[in-house]
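Going line by line, the protein sequences match chains Y, X and U. 0 is the number of the first residue of the first sequence in numbering that gives the first Met the number 0; add one for each residue after it. 0 is the number of the first residue of the second sequence in numbering that gives the first Met the number 0; add one for each residue after it. 0 is the number of the first residue of the third sequence in numbering that gives the first Met the number 0; add one for each residue after it. By construction, the Cβ of each residue, glycine as well, lies at the ideal position given by its N, Cα and C atoms. Bear in mind the structure is a predicted one, so any value in this text is a computation, not a measurement.
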Amino acid sequence: MNNIPLEYYIALSGILFTIGTLGVILRRNAIIVFMSLEIMLNSVNLAFISFARYLGDTSGEIFVFFVMAVAAAESAIGLAIILALFRKKQTIYVDEVNVLKH
Amino acid sequence: MNIHLIAFIVLGILAIASAIGTIATKHPIYSAMSLIVHFFALSALYLTLQSPFVAVLQILVYAGAIMVLVVFVIMLLNLNEDEKQTIRIQSRNSFGIVLAAIFFIMIVTFIMSNPLNQPNSTNVYNLFTAQSLGSVLFTKDLVAFEIVGILLLSAIVGAIVMAKKKLIN
Amino acid sequence: MTITQSYLNNLMASVGYFAPEIAIVVTFIVAILFDLMFKKSKNIAAYISIIGLIITGFILSGNIGISKSLFDGLIVVDPYSTFFKFLFLITTILIMVMSLSYKELYDNNRKVGEYYSMLVGITFGMFLLASAVNLITIYLSIEILSLSSYVLAGYTKEIRRASEASLKYVIYGSLSSGIMVYGMSLLYGATMTLDVAKINVAILSGHVELFPIIIGGLMILVGFGYKMSAVPFHYWTPDVYEGAPITITSYLSVASKAAGFAVFIRFFKDLYLLPATSDINIWNTISNFHWQTIVAVLSVLTMTVGNFVALWQENVKRLLAYSSIAHAGYILMAVVVMTNVGITSILLYFVFYMIMNLGAFFVAQLFANKIGSDDLKDYIGLGYRSPVLAVLMTVFLISLTGLPPTAGFIGKFYIFTAVLDKGFVWLAVIGVLNSVVSLFYYAKIFRNMFLRSVADDTKNNFKFSAPAFPLSIAYVLAFATILFGLYFSPILNWAENSVTMFK
């Protein structure tokens, strides 16, 4: 019934993963960086679910639950850190975080 | 051209476009809106993969919980100034672009070179229901589930530590 | 029903061996609750955590010598993981004791209960990581470890460099864990299982595509390399190590790194290696892909970059950060070999590295308590102002360089022996040259302490020492450093008995 090849889904997931990575690396705004991280994790979820569906195996879907839980925890901590930094410095731009020199 | 392929193409383009929108718009709030569209597109894609339970969770967890948090923080910080330039190519960034390009090439090669395991396109609708997933999650992976509890507990403690104004006795 | 029943039986059979982890979880929760209930006593969480971890140590000693798969293959208990668990426990307890006398942490009447309870949480993550043999548990335990580390790195958030360090850490950390989990999805797609041992079986059966397995392995290597702070995944290390509270810096440089190595060695040994262990070509499950070369390149890059960049550092914390990168490079040399001898030398090295590195950071912390700075230029004349601490620091620096008669020498000696044993002469030569380079920057600290004249301004000229309790800990560490340089056979025997992994 569903005759879309698995490769299409994996290709889509790879493209989304690359977009997410680019967002993390290129953007300076820390909040957008965290949203890009969510895109990366979602592309992972897409890959897991398509593998699970085409292999007919549940453990891939189970992994997705854990990735979701971790994504929620990670964004909570990340946003809390952004908040702490903003209180101190009134900026959330990764570049302007420069007391620590390279 | 069947209906599944059309649905896949439409949703895929929507997902890619909203992902690009997330990383390319100037103001975080536009990014957040774009990301919500992205989550809905992915959720629909999960439906085409016969995984209704995960599709529902996707909306609940990502669009419901995480995005509310993100939007809340954006509103709380109330940033008026926009970034000067959205995407700037610098020496530091060129390293990142190379890295992303490597990923992309790797993944494309992976798809081209490789038929994977031939998918057994059986109907898996009964496999990915809440009932069957739950019975796996609470038998085989029960301990992993409990570990997630500890993970969330330490995340809560950590988030409170960082977000509190002052940590004073 | 019968299936559920069999899972239940499995669960009941396994839970006894899981007791150390359960004890840690109980400690974690009790520490949080008591800290909230007894607001008057500042350090109650610290005392509960230390007591709980000591009890955990006793429970853990019941697992010595046991080799068993638990919970349907989610985690295993084996001598290898038990060795690392003891290492984590001792490190955590030492760090907690050291933190009790850390001035910067207690400044501004800061509440410290969460600091100690989160250290317990990290310990739980590392315990799991040392015994994880399933992609789910590997991912979850790495995340428990990371999430708490992000917060602890920025715990003194009123200090700007700390919250900046925290932000850098969380962004780079989430990026690398995202890459790692994508690699895991590729492994899953190619082999249809999340169990590391079953993936190995699938690879050996020859019916799977090798390309996704190689790419997936490389992407997972990014996640592990980040934890080990191996070059080129090290760029977070100097900033985070400089910005974080110094106790957390030393914790990350020892325990978190050891956890990264523990899972790295187990994962690659279980996944990509042939089960036969005595063969020289044990790396070659996938015949046309040279994992060994990749790890060798990583090792050379890591120690060379770490040592050479350390030469230019003007901040002691940053210098020790680069030195810890270099030490990861030495340890990676033994991973290249991956024989039992090699893994024994890694375990041995980690014990000694823990003692000397914690010692060096601890003395730096005691200095910082008094002079309020980590800059190398403020160390001028400390040899005269605080001779005892300066001599202790010198002992640790000698050991970090790897000169006899200290523990560091023994550790390096065994690593080089393992490397030469398998004929990697070029690698050993590079390692020795790197050790020579490291002598220069360790000597720089020594020179500033003893050989440069004290500046004339009187306000910075007071003599000082440390309070008796912290000082005695530093003495113990220095004594252990020298003792293990002369008499180390118990540790060696223990390490030799610990290289058996559950398969």
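Expected contact under 8 Å - CB spacing of residue i and residue j to nearest Å
i, j, result
"residue 34 of chain U", "residue 28 of chain U", "The pair is not a contact, with the Cβ atoms about 11 Å apart (cut-off 8 Å)."
"residue 396 of chain U", "residue 444 of chain U", "6 Å"
"residue 249 of chain U", "residue 236 of chain U", "Between residue 236 of chain U and residue 249 of chain U the Cβ distance is about 13 Å, and since that is not below 8 Å, they are no contact."
"residue 161 of chain X", "residue 79 of chain Y", "4 Å"
"residue 8 of chain Y", "residue 40 of chain Y", "Wrong, their Cβ atoms sit about 16 Å apart, outside the cutoff."
"residue 111 of chain U", "residue 307 of chain U", "Incorrect: roughly 38 Å between the Cβ atoms, too far for contact."
"residue 126 of chain U", "residue 20 of chain U", "5 Å"
"residue 75 of chain Y", "residue 158 of chain X", "5 Å"
"residue 417 of chain U", "residue 338 of chain U", "7 Å"
"residue 449 of chain U", "residue 310 of chain U", "The Cβ separation is near 20 Å, so there is no contact."
Coil, strand or helix - residue i by DSSP
i, result
"residue 2 of chain X", "helix"
"residue 33 of chain X", "helix"
"residue 374 of chain U", "strand"
"residue 111 of chain U", "coil"
"residue 38 of chain U", "coil"
"residue 69 of chain U", "strand"
"residue 243 of chain U", "coil"
"residue 261 of chain U", "helix"
"residue 23 of chain X", "helix"
"residue 279 of chain U", "Its pLDDT being 49, under 50, residue 279 of chain U is placed unreliably in this model, and the value from its coordinates should be taken loosely. Correct three-state label for residue 279 of chain U: coil."
"residue 84 of chain X", "Since pLDDT at residue 84 of chain X reaches only 40, below the 50 mark, its modelled position is unreliable, and no value is offered."
"residue 75 of chain U", "strand"
"residue 543 of chain U", "The question about residue 543 of chain U has no answer, for chain U in this structure spans 0 to 502."
"residue 194 of chain U", "strand"
"residue 62 of chain U", "coil"
"residue 18 of chain X", "helix"
"residue 465 of chain U", "coil"
"residue 125 of chain X", "coil"
Any C-beta of chain U under 8 Å from that of residue i
i, result
"residue 153 of chain X", "yes"
"residue 10 of chain Y", "no"
"residue 133 of chain X", "no"
"residue 71 of chain Y", "no"
"residue 81 of chain Y", "yes"
"residue 143 of chain X", "yes"
"residue 171 of chain X", "Since the first residue of chain X shown is 0 and the last is 168, residue 171 of chain X is not available in this structure."
Residue-level contact to chain X via CB, residue i, 8 Å cutoff
i, result
"residue 45 of chain Y", "yes"
"residue 66 of chain Y", "no"
"residue 246 of chain U", "no"
"residue 18 of chain Y", "yes"
"residue 416 of chain U", "no"
"residue 101 of chain U", "no"
Min CB distance residue i to chain Y below 8 Å
i, result
"residue 60 of chain X", "yes"
"residue 22 of chain X", "yes"
"residue 163 of chain U", "yes"
"residue 147 of chain X", "yes"
"residue 142 of chain U", "yes"
"residue 138 of chain U", "yes"
"residue 226 of chain U", "no"
"residue 74 of chain X", "no"
"residue 36 of chain X", "no"
"residue 32 of chain X", "no"
Beta carbon of residue i nearer than 8 Å to that of residue j
i, j, result
"residue 345 of chain U", "residue 324 of chain U", "no"
"residue 223 of chain U", "residue 263 of chain U", "yes"
"residue 81 of chain U", "residue 48 of chain U", "no"
"residue 198 of chain U", "residue 185 of chain U", "no"
"residue 172 of chain U", "residue 225 of chain U", "yes"
"residue 87 of chain U", "residue 257 of chain U", "yes"
"residue 292 of chain U", "residue 328 of chain U", "no"
"residue 145 of chain U", "residue 176 of chain U", "yes"
"residue 294 of chain U", "residue 195 of chain U", "no"
"residue 6 of chain X", "residue 37 of chain X", "no"
"residue 348 of chain U", "residue 429 of chain U", "no"
"residue 359 of chain U", "residue 319 of chain U", "yes"
Residue-level contact to chain A via CB, residue i, 8 Å cutoff
i, result
"residue 116 of chain U", "The chain inventory of the structure shown lacks chain A, comprising the protein chains Y, X and U."
Next on the checklist: Under 8 Å: do the segment 135-144 of chain U and the segment 51-69 of chain Y share three or more Cβ pairs, one atom per stretch?
Outcome noted: With contact defined as three or more Cβ pairs closer than 8 Å, the segment 135-144 of chain U and the segment 51-69 of chain Y are in contact.
Item to check | the segment 4-15 of chain U in contact with the segment 143-159 of chain X per 3-pair CB rule at 8 Å | outcome: No, the segment 4-15 of chain U is not in contact with the segment 143-159 of chain X.
Checklist entry - Is there contact here, the segment 372-391 of chain U with the segment 94-109 of chain U, by at least three beta-carbon pairs under 8 Å? => result Flag = no, the segment 372-391 of chain U and the segment 94-109 of chain U do not touch.
Checklist entry - Using 8 Å as the threshold, is the segment 467-478 of chain U in touch with the segment 384-396 of chain U, meaning 3 or more CB pairs across them? => result Cβ pair count under 8 Å is three or more, so yes.
Checklist entry - Per the contact definition of three or more C-beta pairs closer than 8 Å, is the segment 68-77 of chain X in contact with the segment 37-48 of chain X? => result No, the segment 37-48 of chain X is not in contact with the segment 68-77 of chain X.
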